[in-house]
Amino acid sequence: MRIGLIAIDGCFGSAIASVIDIVRVADGARGDIDPRIDPIELAILGPKRRVTTTASMTLSVDHPLSESGEFDVVVVPALGTLTAAATNDALQSRDARSVIASLGRLDDATTRIAAACTGVFAVAETGRMHHRRATTSWFLGPEFLKRYPTVALDLDTMVVVDGNLVTAGAAFAHIDLALSLVRSISPDLAQHVAKLLIIDERPSQAAFVAYEHLRHEDPIVVEFERFVRARLDEPFNVAFVAQSLGTSRRTLERRVRAALNLTPLGFVQRLRIERARHLSATTDLTSAEIALRVGYANAETLRSLLRRERRRS
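Numbering of the sequence shown is given in our numbering, commencing with residue 179 and proceeding in unit increments.
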């Protein structure tokens, strides 16, 4: 896999560094996991020969933006802004407009686009997120919806995959974004990298990558996930869900297990844990209130599941 990481002046240094480190660790470790895994190459793309990040890290650019189409994946990191006004201004800069133009020329059939935080705004500017699912920094959600009302924004999750588009949340979600790209190559390699870098101890995000981003194209499973995500606060009944999706319980159970290696109930529990951790980290809700938001009348039931998940990891 050839990964092109876009960098412009003022982009988040931690975002750039985390993607570089995770990809290079994965490439160095792939032979230990499976010698058949092809090399994972990473190069810096940009509008200039050298760029400087928010951390005053200076990077040499390997390829101009005009060569973005030669890569399997193009990663768009955070623009380095923390407010809606600053993000809107950054999108009008010459460098950002060059990035947006280059993204607009990419072929969906040959190149995947991965973006995190305010980098998702740059991708949305191309129009290719029209009627597609994505996420971005939770605190910029209202501005994102104002600018791009046709995007199905999901702020409850840290990483969202919709076809050839992969998006992630706020700045440190670049770690999850990079890990999800590695997982698309080899789940075992991603798990190994997560353990080497202790990513599995990060609340919510590592657990989400581990269970959510098993890549599959089963339409029933895709619809199942969308259906239950919209109703995590409701009691789960697999027979009712199967009927709502126009399939049988047996078929739904078989297809979910084949795609995710989990039962439908097991997957719903993973989604509930993911959302509970997200709410705990980003809101002031009590344990009891969070439990109700994710479908548990008893907060102790949720706490028990969280303890079991920690022991498993």
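Each residue gets a CB set at the ideal place from its N, CA and C atoms; glycine is no exception. The model shown is predicted, which means the values in this text are computed figures rather than measured ones.
Please decide whether residue i counts as near chain B, where near means a Cβ-Cβ distance under 8 Å.
i	result
A274	No chain B appears in the structure shown, which is made up of a single protein chain.
In the DSSP output, what is residue i paired with across the bridge?
i	result
A293	V254 and T345
I181	L220 and V251
L484	Note: L484 sits in no beta bridge, so no partner.
V201	Answer is none; V201 lacks a bridge partner.
H241	L223
T230	T236
D340	L343
L260	L260 is not bridged to any residue.
L331	A312
If you draw a straight line from the alpha carbon of residue i to that of residue j, how long is it in whole angstroms?
i	j	result
I215	L183	21 Å
D187	R428	54 Å
L443	S422	16 Å
V339	A475	31 Å
D286	D250	10 Å
R227	H309	36 Å
T304	S271	15 Å
R471	V446	13 Å
V229	T236	6 Å
L457	S358	22 Å
R393	S362	At R393 the pLDDT is 46, less than 50, meaning the model places this residue with poor confidence; the figure from the coordinates comes in the next sentence. Their Cα atoms are separated by approximately 6 Å.
E321	A193	22 Å
V277	S196	20 Å
T441	F402	12 Å
T479	R485	10 Å
R202	E412	42 Å
G224	D240	8 Å
A356	T464	32 Å
T460	T231	27 Å
R325	P213	45 Å
T335	A454	11 Å
I198	G206	12 Å
I think residue i touches residue j, with their Cβ atoms under 8 Å apart; what is that distance to the nearest whole Å?
i	j	result
A204	V371	5 Å
I398	L430	7 Å
T345	T313	5 Å
V406	L449	6 Å
C189	A264	Going by Cβ atoms, the distance from C189 to A264 rounds to 13 Å, so no, they are not a contact pair.
S315	G347	6 Å
A185	I222	5 Å
L375	I200	7 Å
L269	F317	17 Å between Cβ atoms; not a contact.
L367	R208	6 Å
G319	L410	The Cβ separation is near 18 Å, so there is no contact.
Hey, would you say the C-beta of residue i is under 7 Å away from at least one heavy atom of the ligand ZN?
i	result
I376	With respect to the ligand ZN, the structure shown offers nothing to examine, as it has no ligands at all.
Answer yes if the region 293 to 308 comes into contact with the region 346 to 366, meaning at least three C-beta pairs across the two stretches below 8 Å, and no otherwise.
-> Contact holds: three or more Cβ-Cβ distances are below 8 Å.
For the region 406 to 419 against the region 363 to 380, are there 3 or more C-beta pairs whose distance is under 8 Å?
-> Because the criterion of three Cβ pairs below 8 Å is not met, the region 406 to 419 and the region 363 to 380 do not touch.
Every unbroken alpha helix (DSSP H) inside the region 402 to 452 [4 residues or more] | Within the region 402 to 452, the complete alpha helix (DSSP H) segments at least 4 residues long are 416 to 422 and 427 to 438, listed from N- to C-terminus.
Are the region 265 to 284 and the region 241 to 249 touching by the rule of at least three beta carbon pairs closer than 8 Å?
-> Taking 8 Å as the limit for Cβ pairs, the verdict is that the region 241 to 249 does touch the region 265 to 284.
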